[in-house]
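In the working numbering, the protein residues as written are 14 to 56.
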């Protein structure tokens, strides 16, 4: 996952491991491609 895919002005790639002990399904949040921000737009 990359923070910039979720609206952050930072390009930080991360790995997430999720463990579920029940029968419920886990879904990662959907990527919002239209929500990218540049630092120059924030400041």
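Here a beta-carbon is modelled for each residue, glycine too, at the ideal position from N, C-alpha and C.
- Distance between residue 37 and residue 24, taken at the CA atoms: about 31 Å.
- Residue 17 and residue 35 have their C-alpha atoms some 31 Å from each other.
- The bridge partners DSSP lists for residue 26 are 15.
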